[in-house]
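Peer 1:
2 protein chains.
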Amino acid sequence: MSGQDKTRATVDIYGQPYKIVGTESTSHIRLVASIVDDKMREISKKNPYLDINKLAVLTAVNIVNEYVKLKEEYEMLEKKLHQKEE
Amino acid sequence: MSGQDKTRATVDIYGQPYKIVGTESTSHIRLVASIVDDKMREISKKNPYLDINKLAVLTAVNIVNEYVKLKEEYEMLEKKLHQKEE
Chain D
1095 MSGQDKTRAT VDIYGQPYKI VGTESTSHIR LVASIVDDKM REISKKNPYL
1145 DINKLAVLTA VNIVNEYVKL KEEYEMLEKK LHQKEE
Chain W
1095 MSGQDKTRAT VDIYGQPYKI VGTESTSHIR LVASIVDDKM REISKKNPYL
1145 DINKLAVLTA VNIVNEYVKL KEEYEMLEKK LHQKEE
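The structure is reproduced here in structure tokens:
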């Protein structure tokens, strides 16, 4: 979204409501929340004795792991594109 | 890393120790943990009254948001590359 428009959305993550404020669309915020919710449930299934606090931190770890890998792939792709442009 | 090699590393995130098991290198795991730690401290600074549980969930939301955006950029770059290859 352009300018300083703020979107406010209340989303449910792992049974708890969260008020999210962002510059993205409501549908983007809902998509992001549903990915976090899915990931928490996936990790909780594999580790049923984790408390919610550790579960949330491990969810963040998991997602950063995927982010760092995607970032590396992105940089490789960028390099490939630059080589083609030379 | 190749095959089924598992790496075990204990990392500190927001003052708590976490045992992380993965197929990535120890340095990769430490990098990921430090990104989560930084992000939690950044969000906590802006929202000093959040409990650790909500802080961790909002950290995950923040990171997924960046992941989704990077994914979109990645797909755009891929499309661009395919067009050049045609």
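Here the protein sequences line up with chains D and W, keeping their order.
If you're matching positions, the first sequence starts at 1095 in our numbering and goes up one per residue.
If you're matching positions, the second sequence starts at 1095 in our numbering and goes up one per residue.
The C-beta atom is built at its ideal place from N, Cα and C for all residues, glycine as well.
Quick check: A1154(W) and A1127(D), are their CB atoms within less than 7 Å of each other?
Peer 2: Contact: no.
Peer 1: Can you find a CB in chain D that lies within less than 7 Å of the CB of K1100(W)?
Peer 2: No, K1100(W) lies away from the interface with chain D (no Cβ there is under 7 Å from its Cβ).
Peer 1: In chain W, which residues lie less than 7 Å from K1113(D) when you measure between Cβ atoms?
Peer 2: Correct list: empty, because the minimum Cβ distance to chain W is about 10 Å.
Peer 1: State the Cα-Cα distance for the pair P1142(D) and A1103(D), rounded to the nearest angstrom.
Peer 2: Approximately 29 Å between the Cα atoms of the pair.
Peer 1: Keeping to the same chain, check which residues put their C-beta closer than 8 Å to that of S1096(D); ignore five residues upstream and five downstream.
Peer 2: Because the pLDDT of S1096(D) is 48, which lies under 50, any placement of that residue in the model is unreliable, and the number read from its coordinates should be weighed accordingly. For S1096(D), where only same-chain residues beyond five positions count, there are no Cβ hits under 8 Å.
Peer 1: Is there a Cβ from chain W that is less than 7 Å from the Cβ of E1169(D)?
Peer 2: By this cut-off, E1169(D) is not an interface position.
Peer 1: I'd like to know if T1153(W) contacts chain D, where contact means its C-beta is closer than 7 Å to some C-beta of that chain.
Peer 2: Yes, T1153(W) lies at the interface with chain D (some Cβ there is under 7 Å from its Cβ).
Peer 1: Nearest CA to the CA of G1109(D): which residue from V1151(W), I1114(W), L1171(W)?
Peer 2: Out of V1151(W), I1114(W), L1171(W), V1151(W) has the C-alpha closest to the C-alpha of G1109(D).
Peer 1: By the DSSP assignment, the beta strand (DSSP E) with Y1112(D) in it spans what residues?
Peer 2: It spans 1110-1116 - the beta strand (DSSP E) in which Y1112(D) sits, taken as one unbroken run.
Peer 1: Please tell me whether I1157(W) has its Cβ less than 7 Å away from any Cβ of chain D.
Peer 2: Yes, contact with chain D.
Peer 1: So, using beta-carbon positions, are I1123(W) and V1158(D) closer together than 7 Å?
Peer 2: No.
Peer 1: In the structure shown, what three-state DSSP assignment does D1145(D) receive?
Peer 2: Reduced to three states, the DSSP call for D1145(D) is coil.
Peer 1: Among the residues of its own chain, which have a CB less than 8 Å from the CB of K1140(W), if the five just before and after it don't count?
Peer 2: Closer than 8 Å at Cβ, skipping near neighbours: no residue.
Peer 1: Rounded to the nearest angstrom, what separates L1164(W) and I1137(W) at their Cα positions?
Peer 2: Taking the straight line from one Cα to the other gives about 20 Å.
Peer 1: Is it buried or exposed, M1170(W), if we count other Cβ atoms within 10 angstroms and call 16 or more buried?
Peer 2: M1170(W) is exposed by the Cβ-count criterion.
Peer 1: Going along the chain, which residues of its own chain have a beta-carbon closer than 7 Å to the beta-carbon of P1111(W), five neighbours each way excluded?
Peer 2: Excluding sequence neighbours, P1111(W) sits near T1104.
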